[in-house]
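Quick notes on the structure that follows.
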């Protein structure tokens with residue numbers, strides 16, 4: 306089965322609200338699939354945020370929260386039939402920042418996580434971004 310960004314996005318949209326109701330929101334797909342450079346060994350890189358108020362109400366204790374994130378990763382892998390890497394936007398994740406910088410051509414290091422919603426809105430208007438319903442964003446190659 307050949308996986309495309311469109312098929313991956315469709316699958317994610319079909320389950321996204323379930324996770325959002327738990328306080329786990331899928332923000333977008335980045336990496337090789339978003340750039341159109343995926344090969345048979347590629348994984349799907351998915352960025353997410355946690356609404357701590359909702360997530361903490363649903364899952365008590367740190368261990369149960371970690372387990373739920375791992376379960377979500379496994380559910381997505383089963384749904385997509387691909388390896389999935391989940392990258393949190395809530396933390397200072399250097400790997401994510403580096404990949405996003407390369408994928409969308411902005412210096413993510415300068416973006417404050419407190420200003421994440423502002424940054425997302427600005428990203429939507431950048432040439433090369435496409436909003437694909439329900440807030441799932443797909444990074445396209447941005448010309449220099």
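Residue numbers (my numbering): 306 to 449.
Positions of the beta carbon are idealized from the N, C-alpha and C atoms, including for glycine.
Bear in mind that the values here come from a model prediction, so they are computed numbers and not experimental data.
{"Query": "Out of 343, 335, 353, 345, which has the shortest C-alpha to C-alpha gap to residue 325?", "Result": "353"}
{"Query": "Report yes if the C-beta distance between residue 338 and residue 310 is below 8 Å; otherwise report no.", "Result": "yes"}
{"Query": "Whose CA, out of 335, 355, 378, 375, lies closest to the CA of residue 395?", "Result": "355"}
{"Query": "Would you mind giving the Cβ-Cβ distance between residue 348 and residue 392, rounded to the nearest angstrom? I have them listed as a contact below 8 Å.", "Result": "Not a contact, Cβ separation roughly 11 Å."}
{"Query": "Since residue 331 contacts residue 321 with CB under 8 Å, what's their CB separation in whole angstroms?", "Result": "5 Å"}
{"Query": "Using a Cβ cut-off of 8 Å (strictly closer), state whether residue 361 contacts chain D.", "Result": "Absent here is chain D; the protein component of the structure consists of one chain."}
{"Query": "At the level of alpha carbons, what is the spacing between residue 336 and residue 314?", "Result": "14 Å"}
{"Query": "Label residue 329 either buried or exposed according to how many other C-beta atoms from any shown protein chain fall within 10 Å of its C-beta, with 16 as the threshold for buried.", "Result": "buried"}
{"Query": "Taking all protein chains shown into account, decide if residue 372 is buried (16 or more other Cβ within 10 angstroms of its Cβ) or exposed.", "Result": "exposed"}
{"Query": "From residue 384 to residue 377, what distance separates their C-alpha atoms?", "Result": "10 Å"}
{"Query": "Here's a check: name, in chain order, each residue in its chain whose Cβ is nearer than 8 Å to the Cβ of residue 358, leaving out the five neighbours to either side.", "Result": "328"}
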